[in-house]
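Q: In this note's numbering, the protein residues as written are 6 to 765.
Just so you know, even glycine gets a beta-carbon here, dropped at the ideal spot from N, CA and C.
Just so it is clear, the structure is predicted and the values come from calculations on it, not from any experiment.
First the structure, which I've put down as structure tokens, then a few questions once you've had a look.
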């Protein structure tokens with residue numbers, strides 16, 4: 006048995022025994038050698054697994070220890086001593102299983118139920134016994150056809166004639182029901198039924214008692230014309246009686262009906278001709294009564310017309326002479342000023358000239374507004390303040406009514422300019438020439454902003470600063486006038502060299518006493534592996550800082566994986582300390598670093614198969630299937646991990662992973678171990694605590710995952726497709742999985758190497 010995984014992980018004890026058990030039971034390593042646990046044990050072997058008996062202690066795979074080899078039968082034993090149990094058998098003798106040969110969708114519905122099959126020595130399943138299949142529905146209270154309904158195919162049946170006819174349900178609560186006709190009456194009565202149940206109704210009767218028919222006693226020409234309508238005759242003792250309720254012709258009245266049944270309504274104006282009042286206004290009030298639409302209506306004698314100036318309501322709207330009929334023409338009232346023009350108006354049934362404008366307050370318009378014979382007297386509208394349109398103080402004026410319009414007359418004359426915010430000389434400019442200004446003064450501001458000159462501003466003298474605030478510079482002055490000198494290190498902050506060694510050389514310019522100085526930014530510290538002189542002594546990464554620990558060398562195998570962490574060119578690297586030698590048999594080590602242990606020493610043949618390290622995608626882990634083309638033991642893996650230390654968990658299950666990605670109970674944990682990767686997209690060793698044996702022709706699924714996202718893999722093309730294979734094994738395209746059994750990403754190709762040994 007290979008010691009590859011045990012050497013890499015250093016796991017001992019129970020895991021070593023479990024590894025031995027897996028190799029013996031699953032892979033059959035050691036070929037005909039069935040010993041190994043005890044050299045003196047004897048007895049009869051159990052079915053499969055490790056058992057006492059056989060030559061050398063362990064009873065081998067199945068079979069009776071020390072018995073004769075016979076032809077294989079399906080009894081759970083290795084009868085032909087070929088280390089395989091019941092090969093080619095579908096089942097084991099005496100084994101039972103549920104069965105059902107009908108439509109599986111009907112199983113468990115109604116009467117349909119499973120039967121039982123029993124396996125014989127030939128490994129074949131026998132007939133399905135005691136199964137219940139669907140049959141035609143019977144009236145027995147059961148669901149015979151297994152459609153979810155009971156006795157549903159039975160309806161109702163009718164028997165007998167006339168009053169003897171009876172209808173019953175064929176099946177009631179699972180019991181068939183007979184149909185029995187009723188008893189007939191001895192004689193027939195005229196009641197519309199077959200009383201004697203002979204198939205005839207009311208034989209010998211003129212009519213059926215209680216039935217009725219329409220009738221009419223008037224002239225046939227008037228029947229059902231206008232208000233004339235049929236009556237009713239009722240059958241008594243088989244004969245119709247008198248006509249009751251028929252309507253015959255009467256005299257015409259004004260009611261909108263054809264009372265005399267002559268097809269005409271309200272002809273000859275019945276009830277009309279009397280004088281009446283219409284209720285309308287004006288000339289439309291008098292009228293004569295007429296029959297209209299079935300009722301007497303008072304119709305007016307005169308129709309409305311256009312209104313005229315006559316004191317009457319000609320258009321019958323309740324008003325007279327409205328709208329000034331005949332009026333509206335211009336006329337002369339004989340008054341003065343604006344009161345002279347007028348318009349004709351209809352007043353009291355005749356036209357009168359009425360002035361259109363009433364006298365008002367006099368306004369400056371060249372008219373006699375108050376109708377007193379004078380125009381624009383007393384400067385109407387004048388006296389208000391106005392603008393002449395001239396510059397400066399010459400703009401102010403007073404409104405005067407002149408020639409029927411208001412004119413703005415200037416109030417002030419021009420004078421020499423003074424600092425008062427006015428345009429004294431009316432030249433369009435205010436306080437021009439800085440009148441009264443020009444002397445030096447103090448603004449009271451800080452820094453260079455204190456110096457100023459007297460300026461005439463907004464009508465008064467002000468001290469205006471001569472310097473504006475600017476960005477602070479390193480000069481010992483308050484350039485930005487905020488009361489502080491050289492604040493915020495003006496001009497500083499740039500990198501500079503202090504002249505010291507290592508990281509102490511770096512400095513930053515600082516403004517001090519009005520000039521820039523280079524101030525050291527880093528203090529000397531303990532040396533670390535970073536390619537820098539951290540302690541400022543002129544040497545870089547001296548004394549191998551951070552190094553000295555044991556490590557695994559990427560890309561190496563066996564003993565060549567052993568290395569020591571060293572600080573090289575500013576980074577920690579795992580440097581190889583053991584180099585290949587010829588393989589030494591029996592020490593359980595890979596001395597020649599070819600990935601196999603004690604090869605050439607007999608037993609199983611080592612091998613490995615590589616998928617890819619192309620990366621391109623990643624998650625917490627990968628699930629992938631391994632198909633054994635020969636009997637193999639899986640020894641360990643190399644994987645594609647992000648740089649750093651990871652906790653790696655390895656699971657396996659018998660059969661494919663497809664359909665079990667989220668089912669944690671389907672998987673067996675092989676082990677969990679810390680693994681350190683020094684490079685991504687490159688092999689990192691992942692040891693196993695024990696070997697996993699896969700018989701030829703079997704598929705096992707593996708799940709290699711980190712507890713955090715750190716596994717690199719490559720996008721695939723088809724889930725379950727063979728990605729790589731050799732003479733003994735195949736690796737299929739699988740899926741990426743979020744830890745532990747979360748989101749699934751498909752298809753994905755596991756990046757890594759499977760180390761195995763082929764055991765004939």
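Taking just the CA atoms, how far does residue 762 sit from residue 598?
A: Within the chain shown, numbered from 1, the residue matching residue 598 stands at position 593. Within the chain shown, numbered from 1, the residue matching residue 762 stands at position 757. Roughly 15 Å separates the two Cα atoms.
Q: Excluding the five sequence neighbours on either side, which residues of its own chain have a C-beta within less than 7 Å of the C-beta of residue 156, listed in chain order?
A: For this step, residue 156 is matched to residue 151 along the chain shown. These residues qualify, in order along the chain: 142, 144, 146, 176, 179.
Q: Between residue 297 and residue 321, is the Cβ-Cβ spacing less than 9 Å?
A: Taking the first residue of the chain shown as 1, we reach residue 297 at position 292. Taking the first residue of the chain shown as 1, we reach residue 321 at position 316. No, the Cβ-Cβ distance between residue 297 and residue 321 is not below 9 Å.
Q: Using alpha carbons as the reference points, say which of 226, 645, 635, 451 lies closest to residue 621.
A: For the purposes of this step, residue 621 is taken as the residue at position 616 of the chain shown. The shortest Cα separation from residue 621 among 226, 645, 635, 451 belongs to 645.
Q: Three or more C-beta pairs under 8 Å: does that hold for the region 646 to 660 against the region 552 to 563?
A: Touching, no, given that fewer than three Cβ pairs across the two stretches are closer than 8 Å.
Q: I need the boundaries of the beta strand (DSSP E) containing residue 716, first residue and last residue.
A: Counted from its first residue, the chain shown places residue 716 at position 711. Counting along the chain, the beta strand (DSSP E) containing residue 716 begins and ends at 716 to 720.
Q: By the 10 Å Cβ neighbour count, where 16 or more other Cβ atoms means buried, how is residue 195 classified, buried or exposed?
A: Position 190 of the chain shown, counted from the start, is the residue given in the question as residue 195. It counts as buried.
Q: In terms of DSSP beta bridges, what is residue 130 paired with?
A: Taking the first residue of the chain shown as position 1, residue 130 is located at position 125. Looking at the DSSP assignment, residue 130 forms a beta bridge with 124.
Q: I need the DSSP call for residue 248, collapsed to helix, strand or coil.
A: Reading the chain shown from its first residue, position 243 is the one you call residue 248. Residue 248: coil per DSSP, three-state reduction.
Q: Please report the Cβ distance between residue 486 and residue 500, rounded to the nearest whole angstrom; I am assuming they are in contact, meaning their Cβ atoms lie under 8 Å.
A: By one-based count along the chain shown, residue 486 stands at place 481. By one-based count along the chain shown, residue 500 stands at place 495. Actually they do not touch by this definition, with Cβ atoms about 30 Å apart.
Q: Should residue 558 go down as buried or exposed, given a rule of 16 or more other Cβ atoms within 10 Å for buried?
A: Position 553 of the chain shown holds residue 558. Buried: at least 16 other Cβ atoms inside 10 Å.
Q: Leaving out five residues before and five after residue 277 in sequence, what residues of the same chain have Cβ atoms less than 6 Å from its Cβ?
A: Here residue 277 refers to the residue found at position 272 when the chain shown is read from its first residue. Excluding residues within five positions, the ones whose Cβ falls inside 6 Å are 294, 295, 296.
Q: In the DSSP assignment, find the unbroken beta strand (DSSP E) run with residue 761 in it and report its ends.
A: Counting from one through the chain shown, the residue named residue 761 turns up at place 756. Here the beta strand (DSSP E) through residue 761 covers 757 to 763.
Q: For residue 192, count the other beta carbons within 10 Å of its own beta carbon; 16 or more makes it buried, fewer makes it exposed. Which is it?
A: Translated into positions along the chain shown, residue 192 becomes position 187. Looking at its Cβ environment, which holds fewer than 16 other Cβ atoms inside 10 Å, residue 192 is exposed.
Q: Cβ atoms of residue 181 and residue 171: under 9 Å apart, would you say?
A: Taking the chain shown and counting its residues from 1, the one referred to as residue 171 is at position 166. Taking the chain shown and counting its residues from 1, the one referred to as residue 181 is at position 176. For residue 171 and residue 181, no; Cβs fall outside 9 Å.
Q: For residue 695 and residue 641, what's the separation of their Cα atoms in angstroms?
A: As a first step, residue 695 is located in the chain shown; it is residue number 690 there, counting from the start. As a first step, residue 641 is located in the chain shown; it is residue number 636 there, counting from the start. Distance between the alpha carbons of residue 695 and residue 641: 9 Å.
Q: May I have a chain-ordered list of the beta strand (DSSP E) segments no shorter than 3 residues that lie completely inside the region 452 to 486?
A: Listed in chain order, they are 456 to 462, 465 to 470.
Q: Could you give the distance in angstroms between the alpha-carbon of residue 255 and the alpha-carbon of residue 222?
A: In the chain shown, residue 255 corresponds to position 250, counting from 1. In the chain shown, residue 222 corresponds to position 217, counting from 1. So the alpha carbons of these two residues sit roughly 14 Å apart.
Q: Within the same chain, show all residues whose beta-carbon is closer than 8 Å to that of residue 131, passing over the 5 residues directly before and after it, in chain order.
A: Here residue 131 refers to the residue found at position 126 when the chain shown is read from its first residue. The answer, listed in chain order, is 122, 123, 124, 125.
Q: Considering only the alpha carbon of each residue, which of 457, 331, 350, 314 lies closest to residue 325?
A: Taking the first residue of the chain shown as 1, we reach residue 325 at position 320. Out of 457, 331, 350, 314, 314 has the C-alpha closest to the C-alpha of residue 325.
Q: In this structure, does DSSP put residue 288 in helix, strand or coil?
A: Within the chain shown, numbered from 1, the residue matching residue 288 stands at position 283. Here residue 288 sits in helix by DSSP.
Q: Starting from the C-beta of residue 450, find all residues in its chain whose C-beta is less than 7 Å away, skip the five residues before and the five after it, and write them out in chain order.
A: One-based indexing of the chain shown puts residue 450 at position 445. Cβ neighbours of residue 450 beyond the five flanking positions: 470, 486.
Q: Please state whether the Cβ-Cβ distance between residue 250 and residue 236 is less than 9 Å.
A: Counted from its first residue, the chain shown places residue 250 at position 245. Counted from its first residue, the chain shown places residue 236 at position 231. It is a contact, given that the beta carbons lie within the stated cut-off.
Q: Please classify residue 688: is it buried, with 16 or more other beta-carbons within 10 angstroms of its beta-carbon, or exposed?
A: Numbered from its first residue, the chain shown carries residue 688 at position 683. Buried, since its Cβ has 16 or more Cβ neighbours within 10 Å.
Q: Give the range of the beta strand (DSSP E) segment to which residue 343 is assigned.
A: Along the chain shown, read from residue 1 onward, the residue named residue 343 stands at position 338. Taken as a continuous stretch (DSSP letters only), residue 343 belongs to no beta strand (DSSP E), as it is neither H nor E.
Q: Nearest by alpha-carbon distance to residue 435: which of 338, 462, 527, 582 is it?
A: The sequence position of residue 435 within the chain shown is 430, counting from 1. For the residues 338, 462, 527, 582, the minimum Cα distance to residue 435 belongs to 462.
Q: Would you kindly report the start and end of the unbroken beta strand (DSSP E) that includes residue 514?
A: Position 509 of the chain shown, counting from 1, holds the residue named residue 514. Residues 511 to 517.
Q: So, for residue 341: in the same chain, excluding its five sequence neighbours on each side, which residues have a beta-carbon less than 8 Å away from its beta-carbon?
A: Here residue 341 is taken as the residue at index 336 of the chain shown, counted from 1. Closer than 8 Å at Cβ, skipping near neighbours: 373, 376, 377, 378.
Q: Is any beta-carbon of chain B found at less than 9 Å from that of residue 332?
A: The structure shown contains no chain B; it is built from a single protein chain.
Q: Mind the definition here: the region 690 to 709 touches the region 577 to 584 only if three or more C-beta pairs lie below 8 Å; say whether that holds.
A: Flag = no, the region 690 to 709 and the region 577 to 584 do not touch.
Q: When you compare only the Cα positions, how much space is there between residue 707 and residue 663?
A: The residue given as residue 707 occupies position 702 in the chain shown. The residue given as residue 663 occupies position 658 in the chain shown. About 11 Å.
Q: Taking C-alpha atoms, which residue in 666, 629, 504, 681 lies nearest to residue 653?
A: Working through the chain shown from its first residue, we reach residue 653 at position 648. Ranking 666, 629, 504, 681 by Cα distance to residue 653 puts 681 first.
Q: Which residue spans inside the region 189 to 268 form an unbroken beta strand (DSSP E) run of at least 3?
A: Counting whole runs of 3 or more residues, the region 189 to 268 contains the beta strand (DSSP E) stretches 217 to 220, 236 to 241.
Q: Would residue 4 and residue 716 qualify as a contact pair, given that the criterion is a beta-carbon distance under 9 Å?
A: Limits of the chain in this structure are 6 at one end and 765 at the other, which puts residue 4 out of reach.
Q: Starting from residue 430, follow the beta strand (DSSP E) in both directions and report where the run begins and ends.
A: Position 425 of the chain shown, counting from 1, holds the residue named residue 430. Element bounds for residue 430: n/a, residue is neither H nor E.
Q: Could you pull the start and end residues of the beta strand (DSSP E) that residue 138 belongs to?
A: Counted from its first residue, the chain shown places residue 138 at position 133. Run containing residue 138: none; DSSP gives neither H nor E here.
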